[in-house]
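Numbering-wise, the sequence shown is residues -16 to -1, 1 to 412 according to mature numbering (1 follows the signal peptide of the UniProt record, and there is no 0).
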Amino acid sequence: MKMFVALLALLAVVSAEVHQFNIGYRPNLRQRLAAQGKLAEYEKERNELLAKKSLQLASSSSPIIDYEDMAYMVQISLGTPAQNFVLFIDSGSSNLWVPDITCAGGKDATCGSYCKSTPYDACLTFCQEECCTKTVAGAKVLATTDACQSKHRFNASLSSSYVTNGQKFDMTYNTGEVKGFFGVDTFCFTNTTVCATGQVFGQATTIGEAFGKQPEDGIIGLGWPALAVNQQTPPLFNLMNQGKLDQPYFVVYLAQIGPTSQINGGAFTVGGLDTTHCDSNVDWVPLSTNTFWQFKLAGVSSGSYSQSPTSGWQAAADTAASFIGAPKSVVTSLAKVVGATYVPGTGAFFMDCDAVVPDIVFTINGKTYNMPSTSFVVSAGPGPCMFAFYELTAGGFYPAWMLGPPFMRAYCHTHDMKNGRLGLSKVL
């Protein structure tokens, strides 16, 4: 009997795995528009739309990071046999959703300029095949005026493992609504054995028109279950609960990037540490709450500027916030130190790409973390670079800071789903 129990324990260990796969990168919408000289025009139209929707947004549970800000993605599959999707990774939300086969989106008749400007091989990852071209002629116009048409859509009738759920969902972003219903099926990271059975996910039947401007299919939330709409268990937590991970970790490593799309924008490791890209010395930071990956930020400094509030700030690590969101006074002060100028109408700060500027230093859990200019001076094509900070207006439930990819490009983030802590380690 003891031998049998020991054998079962051994099999359980063997079945748990550590896997690593690529994170795709494509400059976010604002970066692409800045490179095209269209950012001011877009911001004007966007602000006019938001003004019309202000009452609706005020009464909604709008995510703190908008869909248009997102830039990093992974490939996943749902169902049996597998149906593949490209999803933004978002550690600031906790739901998984993809367009349903019945999805009827907004009016967007083209594949989008991102498909035209993206190299063919990368385009096949980010866009539907009919949107990709090896010639300079550009992406063609789709036959239908449906924003969903340019995305991969889930067809439940093709999956033998699909189970209905019955619950509906409605999530509001600044760029529009996502409505649909929940279903249950097998979830996997594409072309791996990292799979969770019985995964609840959203099947979007309606998506806002603006979602057609981003080629990705949907979002995979990496936040805690308490943050999820209808308290659904996120995929990574399901993998842990089902004993599919060697350790209760997932690690995000983001590579230094340029102004173009990259199939390899970093690495996503599940079930253990990333020993390839990250230093073995991990500083563990306790979380303030198990909703966002949220912790206390004690202070920030750069050059002659320093700010350390008595109670510090609440900050959240978020893969979806392409830039770093911070209180207005802090952003203005940091911009002055590095020589960045706010350009009215664009909603963004710009600076000399070759400027020699001091590091921005964060104090977290009694230790300092230096973020070099290579992380926060971001190319947006010809012309000046973008200063990777934005003014974050948050209150109540939301943290005052969103420490996005610029900080992650300097420090790997190890997320401990069992012990409620975040590990920071230098990128090798």
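Beta carbons: idealized from backbone N, C-alpha and C, even for Gly.
query                                                                                                                                                               : result
Does DSSP put M370 in a helix, in a strand, or in coil?                                                                                                             : strand
DSSP state of G196, grouped into three classes?                                                                                                                     : helix
Which ranges does the beta strand (DSSP E) cover as unbroken runs of at least 3 residues, wholly within the segment 303 to 389, from first to last along the chain? : 308 to 310, 325 to 327, 332 to 335, 344 to 348, 351 to 355, 369 to 371, 373 to 375, 385 to 387
Ignoring anything shorter than 4 residues, give me the alpha helix (DSSP H) runs that lie fully in the segment 157 to 240, in order along the chain.                : 219 to 225
Is L142 helix, strand or coil when you go by DSSP?                                                                                                                  : helix
Check whether the segment 148 to 156 touches the segment 63 to 75, taking contact to mean three or more Cβ pairs, one atom from each stretch, closer than 8 Å.      : no
Does DSSP put M392 in a helix, a strand or coil?                                                                                                                    : helix
Are V266 and F279 close, meaning C-beta to C-beta below 8 Å?                                                                                                        : no
Kindly indicate the opening and closing residues of the beta strand (DSSP E) around I60.                                                                            : 56 to 62
Between W277 and G207, how many whole angstroms is the CB-CB distance? I'm expecting something under 8 Å.                                                           : 7 Å
Does DSSP put D53 in a helix, in a strand, or in coil?                                                                                                              : At D53, the pLDDT of 45 sits below 50, so the modelled position is not reliable; the number obtained from the coordinates is stated separately. Of the three classes helix, strand and coil, the one that applies to D53 here is helix, per DSSP.
Identify every residue that forms a DSSP beta bridge with Q291.                                                                                                     : V284
If you draw a straight line from the alpha carbon of P368 to that of G329, how long is it in whole angstroms?                                                       : 16 Å
Ordered along the chain, which non-local residues of its own chain (more than five positions away) have a Cβ less than 8 Å from that of A394?                       : Y353, N354, M355, P356, S359, K410, V411
Relative to the alpha-carbon of N175, which residue among S272, A239, V70, V82 has its alpha-carbon at the smallest distance?                                       : V70
Is the beta carbon of A212 closer than 8 Å to that of S78?                                                                                                          : yes
Return the CA-CA distance between F5 and T260, expressed in angstroms with no decimal places.                                                                       : 12 Å
Could you tell me how far apart the beta carbons of C179 and T189 are, in whole angstroms, since I believe they sit closer than 8 Å?                                : 26 Å between Cβ atoms; not a contact.
I'd like to confirm the pairing. Which residues does DSSP put opposite A299 in its beta bridges?                                                                    : F279, W385
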